[in-house]
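K.L.:
Heads up: the sequence shown runs through residues 94 to 379, numbered per our numbering.
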Amino acid sequence: MMKQTLLAAAVALLCLNEARAQQLEVGFSGGISQYYGDLAHQWIHQKTIHPAISLVTTYHISENYAIGLSVGHTTISGNDALSEDDFLQVRNLSFRSPVTEVRGLITWYPLPFRPGSRTWFPYVQSGLSLFRFNPQANYKGEWIALQPLGTEGQGTSTFPGRQPYSLTQIGIPVALGCKVAINEYLFIGLETSLLWAMTDYLDDVSLTYVNPDVLIEENGLLAYQLSNRTGEFLQAEPLNLGNGSMRGNTESLDQVGYFEVTFSVLIPGVSKSWFDPHRKQLNCSF
């Protein structure tokens, strides 16, 4: 009985290893990103486009579904100086931030993914993202990290409910793409995706201004100087913007859009048999 159990376990493991090996696809992508938030004033602007790269591993669990993991990096930025709105130009806020992201993904192919049977494979993709960011502002030629400053009164006695936001957040990515088979193993494609961040602080802008005396006393002069930058635009004293004066838009969360070219490969020697309808099946029955 023990020998039969061990034999069954060994065969099951062999079947599992074969299935896993036959599903593997690896690749990378490169393209551009565009931030959307309180400091984005156009759908796309050449000054706020940044390079984006990622590495992707995919397991095809069937001809129509796959699961995957990707690791990517980009930079995002925004600037009120790019707005045509006079009020926003006077607000005069700007930022940049690196974004490093890990995505767990589920992919659906409306047409069966059978390399060798057709040349193009459209897909829809979604999942969960965990990312790290760090908004910074340029002040007197130096890039200053904004989150530690509490520019919107985080941690002050006036706004005890405003706590420092975490620089590690989650998001929901949604993508549309299409792969084109160069041969049975190699693929090139295009993909556009949007990351819905579960935070409104990619740009350090979300809520209202804080009274200058409170912000300076409790969070420091630099926090105030980078919270209210109207004086730099006006070449005068900053506007008197205190508690309740709107600084950002609380009605929507920040987003990052991507447009990328993808390259991927099915691992030679094992992946081909997975998609071959005439392949010999390993007998996994007992």
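For every residue, glycine included, the Cβ atom is placed at its ideal position computed from N, Cα and C.
Among the candidates LEU239, SER222, PRO203, ASP131, whose CA atom is the shortest distance from the CA of ARG196?
P.N.:
Selected option, being the one with the closest Cα: SER222.
K.L.:
May I ask you to report which of helix, strand or coil DSSP gives PHE252?
P.N.:
Three-state result, PHE252: coil.
K.L.:
Taking the runs of the alpha helix (DSSP H) that are 4 residues or longer, which of them lie wholly in the region 232-312?
P.N.:
Fully enclosed alpha helix (DSSP H) runs of 4 or longer: 305-312.
K.L.:
Output yes or no for whether 7 Å exceeds the beta carbon distance between SER299 and GLY341.
P.N.:
Cβ distance < 7 Å, so SER299 and GLY341 count as in contact.
K.L.:
If you measure between the beta carbons of ILE349 and SER126, is that distance less than 7 Å?
P.N.:
Contrary to the premise, residue 349 reads as Val rather than Ile in this sequence. Contact: yes.
K.L.:
DSSP has VAL119 in a bridge; who is on the other side?
P.N.:
Bridge partners of VAL119: THR150, VAL358.
K.L.:
Under 7 Å between C-beta atoms, does LEU319 make it to chain D?
P.N.:
Judged by its chain identifiers, the structure shown contains no chain D, having just a single protein chain.
K.L.:
Spell out the partners DSSP gives ALA145 in its beta bridges.
P.N.:
DSSP lists GLY124, THR167 as partners of ALA145.
K.L.:
By the three-class DSSP mapping on this structure, what secondary structure does LEU319 have?
P.N.:
Correct three-state label for LEU319: helix.
K.L.:
Just checking my contact of ILE146 with GLY165 at CB under 8 Å: how many whole Å lie between their CB atoms?
P.N.:
That belief holds up - the Cβ atoms of ILE146 and GLY165 are roughly 6 Å apart, short of 8 Å.
K.L.:
Excluding the 5 residues preceding and the 5 following GLN218 in the sequence, name in chain order all residues of the same chain whose CB lies nearer than 6 Å to its CB.
P.N.:
For GLN218, where only same-chain residues beyond five positions count, the Cβ hits under 6 Å are LEU198, THR200, ALA268.
K.L.:
Could you name the residues of the same chain whose beta carbon sits closer than 7 Å to that of THR193, not counting the 5 residues immediately before and after it, in chain order?
P.N.:
Taken in chain order, the residues that qualify are HIS166, PHE224, ARG225.
K.L.:
Closer than 7 Å by C-beta to GLY171: which residues in its own chain qualify, once you throw out the five before and the five after it? Chain order, please.
P.N.:
Once the five neighbours on either side are set aside, the close Cβ partners of GLY171 are TYR128, GLY130, LEU132, ALA133, THR141, SER187, PHE188, ASP296.
K.L.:
Whole angstroms are fine: how far does the CA of LEU283 sit from the CA of VAL354?
P.N.:
Approximately 5 Å, taken between the alpha carbons.
K.L.:
Rounded to the nearest angstrom, what separates ALA238 and PHE214 at their Cα positions?
P.N.:
Using only the alpha carbons, I get a separation of about 43 Å.
K.L.:
Name the residue from PRO144, TYR152, GLN139 whose alpha carbon lies nearest to the alpha carbon of ILE360.
P.N.:
Cα-wise, what sits closest to ILE360 is TYR152.
K.L.:
By alpha-carbon positions, which one of TYR294, THR323, PHE180 ends up nearest to GLY243?
P.N.:
Here the closest residue by C-alpha is TYR294.
K.L.:
Put ASN181 into one of helix, strand or coil per three-state DSSP.
P.N.:
Here residue 181 turns out to be Leu, not Asn, going by the sequence shown. Note: LEU181 maps to helix in three-state DSSP.
K.L.:
Taking SER190 as the reference, which of ASP347, LEU332, GLU325 has the closest Cα?
P.N.:
Nearest of ASP347, LEU332, GLU325 to SER190, Cα basis: ASP347.
K.L.:
Hey, could you find the ends of the beta strand (DSSP E) PHE226 is sitting in?
P.N.:
Its beta strand (DSSP E) spans residues 213-226.
K.L.:
Considering only residues of the same chain and omitting the five flanking positions on each side of LYS272, which have a CB-CB separation below 6 Å?
P.N.:
Within the same chain, LYS272 has close Cβ partners PHE214, PHE280, GLY282.
K.L.:
Taking the alpha-carbon of GLU344 as reference, which of GLU310, GLY335, THR292 has the nearest alpha-carbon?
P.N.:
If we check each option's Cα against that of GLU344, THR292 comes out closest.
K.L.:
Check ALA329 in the structure and name its three-state DSSP category.
P.N.:
Residue state, collapsed to three classes: coil.
K.L.:
Roughly how far, in whole angstroms, is the beta-carbon of GLY388 from the beta-carbon of GLN256, given that I think they are within contact range, below 8 Å?
P.N.:
Because residue 388 is not part of the residues shown, which for the chain are 94 to 379, the question remains open.
K.L.:
Got a sec, what are the start and stop residues for the beta strand (DSSP E) THR382 sits in?
P.N.:
The requested residue 382 does not occur in the structure, where the chain is confined to residues 94 to 379.
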